[in-house]
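**Student:** I'd like to ask some things about the structure below.
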Amino acid sequence: MAAINSVTDLTREGDIAVLTLNSPPVNALSAEVRTGLRTGLGQAIADPAVKAIVLICAGRTFIAGADIAEFGKPPKGTPLTETEAAMEASPKPIIAAVHGTALGGGFEVALMCHYRVAVPSARFGLPEIKLGIIPGAGGTQRLPRLIGVENAAEAILSGTPFPAKQALQWGVIDEMVEEGKLREGALAFARKAINTQMPLRKIRDLDDKVRAARGHPEIFEKIRRDNARRYRGFEAWHGALRAVEAAVDLPFVEGMKREREEFLKLVTSDQSKAQRYVFFAERKVWKITDVPDDTPTLPINKVGIIGAGTMGGGIAMNFLNAGIPVSIVEMKQDALDRGVATIRRNYDNTAKKGRLTTADVETRMGLLSPGLNLDAVADCDLVIEAVFENMDIKKDVFRKLDQIAKKGAILASNTSYLNIDEIASVTGRPDYVLGMHFFSPANVMRLLEVVRGEKTAKPVIATVMQLARKIGKIAALVGVCHGFVGNRMLHQRQREANKLILEGAMPWDVDRVIYDFGMPMGPFAMSDLAGLDIGWSKETSKSSTIREILCEMDRRGQKTGAGFYDYDEQRNAKPSPVVEKIILDFAAKKGINRRTISDDEILERCVYPMINEGAKILEEGKAQRASDIDIVWINGYGWPVYRGGPMFYADLIGSGKVLGKMKEFEATMGEDFKPARLLETVAADGRRLQDL
Ligand code: NAD
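Heads up, the sequence shown is in my numbering, so the first residue is 1380 and it goes up one at a time.
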């Protein structure tokens, strides 16, 4: 065994050299790894006794990607291009032996090799797109040559890894070897390569797969058309596709240049900065300053859910999916039946799409015990209340739950706005009470706001955070305040949107600006989807807002075929002349002189007050860090990940600019725009919110 450097060893098995990388935890392509790879390969190639080379990794995985910490810093160590040149000039076959995940630069290194073998559990992928960049070491040029344009485009544009079985089918790997016997399998393959004088197969020289697409630009047009919605706004997506096109249209070397150009443009882009920031934000969000990682957690083996309405049913599915039994309790049989039927219908639909087997559906439904008696949750470790949004009703439920639930059981509320401390106060265990604010649809949306009450115990917080991870959510810890983080900020946007349509804009103007910014829909389309009548009642309605007027006319949103928009049978929205007239009449009655409102003003009026509210949330300690707020907005409301979240966006455009506009608006429009103290401070110090 010869150590090449601190992370690389070179050994010999007869006439086969084995180059082993060992850089925990994931053998990322750091400067040290790149140097070890280059030096080790150089020695093996130069050794006359060596006839073939196996590249393998120690630990839990093959090279799992670039070293993200190096991004944006001056390059160090041996560049990968040198290794690539050495591999391509090698007169001896090089075989990559893959276990774990060969991702990004790791997969690209494997593609530089002449052959690849892998164990069945291995996975391959080019996830660069998720960081707003594209593969930069030949991935966009080699993969299409190996597996064809459509398959390569899907892998590169989605960034989703694929399993070894798929890799074998596509010819990404040349042989599958027995699980746990990678080294032996790779050595046997190398021996075969020597004995049968297998050719030095360089992917760069393959042409048949890309030739098939040459002169057929319609293939790329179709990819663009089919994915227009899915990747709306993502610059990297277009760059990646242009690079794949180059693999078809240009010689390898020219294609590599095109890939490089696209890569360099993207790596310094704001979008990539935003996406890298989000990558780290998603990891930081789990860290709680005063609840260390080793805080003891409580076992959660059974969950109770109170209320089988829109939220209760969706929440239940999260646990059923994770194999955790659920008792769901309703007030009346018909509500219970409806709730359970909805859960089953959701599962059946998933099964119809082939994403669940019917056996899976039955297993999950088998874990669900519906009932009408609260006593059913007596043996649950966690009970989540999802009844009507009404303090008295919730208090009544919690009082009862406190009596019924076993000692040590956690009681959570899914309330959207109500005060968790007040709810906790009616129980004898306020330290075991907290908020678990799921987003609708709760079985789909990734976000969970974990609301920490004044008295919530640390192990309870640690338990719920851990559980959130187990059920595939991303959880942000927030404090008690009206609407917590997400809805509290949303309120700012909604208020301005409502004002804007009286001052001069139309709902579809506001929605277009917000949609073009990258949100999935604007505030009025969102209201129509949710239903305008949430929290509205006929008895108290006094035509005092546009929304009230619409509800009184039974224009209550998509479900009634009309709201702010008119809808056809396919639920396509059309601007409504009726609504336009209602707005104009209403504004006139209020004596408002309507004016032309620019798109810039719409955006600033909607977004800057949100940022300002975010600053207040930080100031009050209702969120731990700016990036947690961004996680909430990206995962709960569809804020475009390439804009990093509202707080990152403020840092990007400059908090001084946001502050300036807020002051300007405050001068003409008053209180609603009063700048947060924290916004003033960061703007004055030139600091970034994300660094606080
Ligand atoms: P919903 O009206 O669809 O469901 C509430 C259910 O609770 C009803 O089926 C009702 O019969 C049942 N219920 C009421 N009192 C009960 C009791 N004492 N015991 C047992 N069951 C009882 O409402 P929803 O939209 O599911 O909202 C539930 C909670 O979730 C609310 O606090 C709401 O603010 C919150 N929430 C809603 C959303 C959303 O988008 N709908 C999102 C996040 C949070």
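Glycine included, each C-beta is placed from N, C-alpha and C at the ideal position.
List the residues that DSSP assigns as beta-bridge partners of A1569.
**Tutor:** Indexing the sequence shown from 1 puts residue 1569 at position 190. None; A1569 has no bridge partner.
**Student:** Return the chain-ordered list of same chain residues with a C-beta closer than 8 Å to the C-beta of T1460, the five sequence neighbours on each side being excluded.
**Tutor:** Taking the sequence shown and counting its residues from 1, the one referred to as residue 1460 is at position 81. Cβ within range, chain order: A1516.
**Student:** Is N1793 near the ligand NAD - that is, is its Cβ less than 7 Å away from at least one heavy atom of it?
**Tutor:** Taking the first residue of the sequence shown as 1, we reach residue 1793 at position 414. Checking the Cβ of N1793 against the ligand NAD gives yes.
**Student:** Roughly how far, in whole angstroms, is the beta-carbon of G1358 from the beta-carbon of D1781, given that I think they are within contact range, below 8 Å?
**Tutor:** The structure shown does not extend to residue 1358, since the chain spans only 1380 to 2071, so no value can be given for it.
**Student:** Taking Cβ to Cβ, would you say L1879 is nearer than 8 Å to V1889?
**Tutor:** Walking along the sequence shown from the start, residue 1879 turns up at place 500. Walking along the sequence shown from the start, residue 1889 turns up at place 510. It is a contact, given that the beta carbons lie within the stated cut-off.
**Student:** What do you get for G1504, buried or exposed, if any count of 16 or more other CB atoms within 10 angstroms of its CB means buried?
**Tutor:** Mapped onto the sequence shown, residue 1504 falls at position 125. So G1504 counts as buried.
**Student:** According to DSSP, which residues form a beta bridge with I1971?
**Tutor:** Locating residue 1971 in the sequence shown gives position 592, counting from the first residue. In the DSSP output, where bridge partners are listed per residue, I1971 has none listed.
**Student:** Going by DSSP, what residues sit across from P1542 in a beta bridge?
**Tutor:** Within the sequence shown, residue 1542 is the residue found at index 163, counting from 1. DSSP lists R1502 as partners of P1542.
**Student:** Start and end of the alpha helix (DSSP H) containing N1697?
**Tutor:** Position 318 of the sequence shown, counted from the start, is the residue given in the question as residue 1697. Segment T1689 to N1700, the alpha helix (DSSP H) holding N1697.
**Student:** Would you mind sorting V1551 into buried or exposed? The rule is 16 or more other CB atoms within 10 Å of its CB.
**Tutor:** Residue 1551 sits at position 172 when you count from the first residue of the sequence shown. Buried: at least 16 other Cβ atoms inside 10 Å.
**Student:** Between the stretch 1752 to 1762 and the stretch 1725 to 1738, can you find at least three pairs of beta-carbon atoms closer than 8 Å?
**Tutor:** No, the stretch 1725 to 1738 does not touch the stretch 1752 to 1762.
**Student:** Note down, one range per segment and in chain order, each alpha helix (DSSP H) of at least 4 residues found wholly within the stretch 1395 to 1451.
**Tutor:** Counting whole runs of 4 or more residues, the stretch 1395 to 1451 contains the alpha helix (DSSP H) stretches 1410 to 1425.
**Student:** What three-state label does DSSP hand N1530 in the structure shown?
**Tutor:** The count along the sequence shown starts at 1 and reaches residue 1530 at position 151. Looking at N1530 - three-state DSSP - the assignment turns out to be helix.
**Student:** Would you grab the beta carbon distance between D2009 and P2025 for me? Rounded to a whole angstrom, and I think it's under 8 Å.
**Tutor:** One-based indexing of the sequence shown puts residue 2009 at position 630. One-based indexing of the sequence shown puts residue 2025 at position 646. That pair is a contact at about 7 Å.
**Student:** With DSSP collapsed to three states, give me the class of D1739.
**Tutor:** Along the sequence shown, one-based indexing puts residue 1739 at 360. Correct three-state label for D1739: helix.
**Student:** Could you check if G1686 belongs to the surroundings of the ligand NAD, using beta carbon to heavy atom distance under 7 Å?
**Tutor:** Here residue 1686 refers to the residue found at position 307 of the sequence shown. For the ligand NAD, at least one heavy atom lies less than 7 Å from the Cβ of G1686.
**Student:** Work out the CA separation of K2053 and A2046 for me, nearest whole Å.
**Tutor:** Residue numbering aside, residue 2046 sits at position 667 when the sequence shown is read from its first letter. Residue numbering aside, residue 2053 sits at position 674 when the sequence shown is read from its first letter. Their Cα atoms are separated by approximately 9 Å.
**Student:** Let's see if you can read the secondary structure: which residues bound the beta strand (DSSP E) around T1390?
**Tutor:** Position 11 of the sequence shown, counted from the start, is the residue given in the question as residue 1390. Its beta strand (DSSP E) spans residues T1387 to E1392.
**Student:** Is it the case that the stretch 1711 to 1729 contacts the stretch 1643 to 1662, given that we only count it when at least three CB pairs across the two stretches are under 8 Å?
**Tutor:** Three or more beta-carbon pairs separated by less than 8 Å are not found between the stretch 1643 to 1662 and the stretch 1711 to 1729, which leaves the two stretches without contact.
**Student:** In whole angstroms, what is the alpha-carbon distance linking P1578 and K1430?
**Tutor:** Looking up residue 1578 in the sequence shown gives position 199. Looking up residue 1430 in the sequence shown gives position 51. Straight-line Cα distance between these residues: approximately 13 Å.
**Student:** Going by DSSP, name the residue or residues bridged to A1475.
**Tutor:** Within the sequence shown, the letter at position 96 stands for residue 1475. Beta-bridge pairing links A1475 to L1434 and R1495.
**Student:** In whole angstroms, give me the CA-to-CA distance for G1538 and K1711.
**Tutor:** In the sequence shown, residue 1538 corresponds to position 159, counting from 1. In the sequence shown, residue 1711 corresponds to position 332, counting from 1. Rounded to whole angstroms, G1538 to K1711 spans 46 Å at the Cα level.
**Student:** Tell me the residue span of the alpha helix (DSSP H) that contains L1997.
**Tutor:** Translated into the one-based positions of the sequence shown, residue 1997 becomes position 618. It spans D1978 to E1998 - the alpha helix (DSSP H) in which L1997 sits, taken as one unbroken run.
**Student:** Compute the Euclidean distance between the alpha carbons of D2030 and G1612, then round it to the nearest angstrom.
**Tutor:** Here residue 2030 refers to the residue found at position 651 when the sequence shown is read from its first residue. Here residue 1612 refers to the residue found at position 233 when the sequence shown is read from its first residue. Answer to the nearest angstrom: the Cα atoms are 20 Å apart.
**Student:** So, using beta-carbon positions, are A1847 and A1836 closer together than 8 Å?
**Tutor:** Residue mapping note: residue 1847 aligns to position 468 of the sequence shown, counting from 1. Residue mapping note: residue 1836 aligns to position 457 of the sequence shown, counting from 1. No, Cβ-Cβ distance for A1847 and A1836 is not below 8 Å.
**Student:** Alpha carbon to alpha carbon, what distance is there between E1948 and P1956?
**Tutor:** Here residue 1956 is taken as the residue at index 577 of the sequence shown, counted from 1. Here residue 1948 is taken as the residue at index 569 of the sequence shown, counted from 1. Cα-Cα distance, rounded: 18 Å.
**Student:** When the distance is taken between beta carbons, is G1511 closer than 8 Å to F1441?
**Tutor:** On the sequence shown, residue 1441 is found 62 positions in, with the first residue counted as 1. On the sequence shown, residue 1511 is found 132 positions in, with the first residue counted as 1. Cβ distance not < 8 Å, so F1441 and G1511 don't count as in contact.
**Student:** Considering just the uninterrupted stretch of the alpha helix (DSSP H) at F2027, what are its terminal residues?
**Tutor:** As a working mapping, residue 2027 is identified with position 648 in the sequence shown. Counting along the chain, the alpha helix (DSSP H) containing F2027 begins and ends at P2025 to I2032.
**Student:** Given a threshold of 16 other Cβ atoms within 10 Å of its Cβ, counted over all protein chains shown, does E1918 qualify as buried or as exposed?
**Tutor:** By one-based count along the sequence shown, residue 1918 stands at place 539. Around the beta carbon of E1918, a 10 Å sphere encloses fewer than 16 other beta carbons of the protein chains shown; the residue is thus reported as exposed.
**Student:** Does the beta-carbon of M1710, which I'm using as the reference point, lie nearer than 7 Å to any heavy atom of the ligand NAD?
**Tutor:** Residue mapping note: residue 1710 aligns to position 331 of the sequence shown, counting from 1. Answer for M1710: yes, Cβ within range of the ligand NAD.
**Student:** Spatial neighbours of L1629 within its chain, please: C-beta separation below 7 Å, excluding the five flanking residues on both sides.
**Tutor:** Here the question's residue 1629 lines up with position 250 in the sequence shown. Here the set comprises R1637.
**Student:** F1767: beta carbon under 7 Å from a heavy atom of the ligand FAD?
**Tutor:** No copy of the ligand FAD appears in this structure; the ligands present are the ligand NAD.
**Student:** Determine the direct distance from the alpha carbon of V1488 to that of R2022, and round the result to whole angstroms.
**Tutor:** Position 643 of the sequence shown, counted from the start, is the residue given in the question as residue 2022. Position 109 of the sequence shown, counted from the start, is the residue given in the question as residue 1488. When rounded, the distance between both Cα atoms is 31 Å.
**Student:** Just the Cα atoms here: how many angstroms apart are N1793 and I1928?
**Tutor:** Stepping through the sequence shown from its first residue, residue 1793 is reached at position 414. Stepping through the sequence shown from its first residue, residue 1928 is reached at position 549. Rounded to whole angstroms, N1793 to I1928 spans 30 Å at the Cα level.
**Student:** Examine the Cβ distances between the stretch 1652 to 1663 and the stretch 1676 to 1686 and report whether three or more of them are shorter than 8 Å.
**Tutor:** The stretch 1652 to 1663 is not in contact with the stretch 1676 to 1686.
**Student:** Going by DSSP in three states, H1861 sits in which element: helix, strand or coil?
**Tutor:** Walking along the sequence shown from the start, residue 1861 turns up at place 482. Coil at H1861, not helix or strand.
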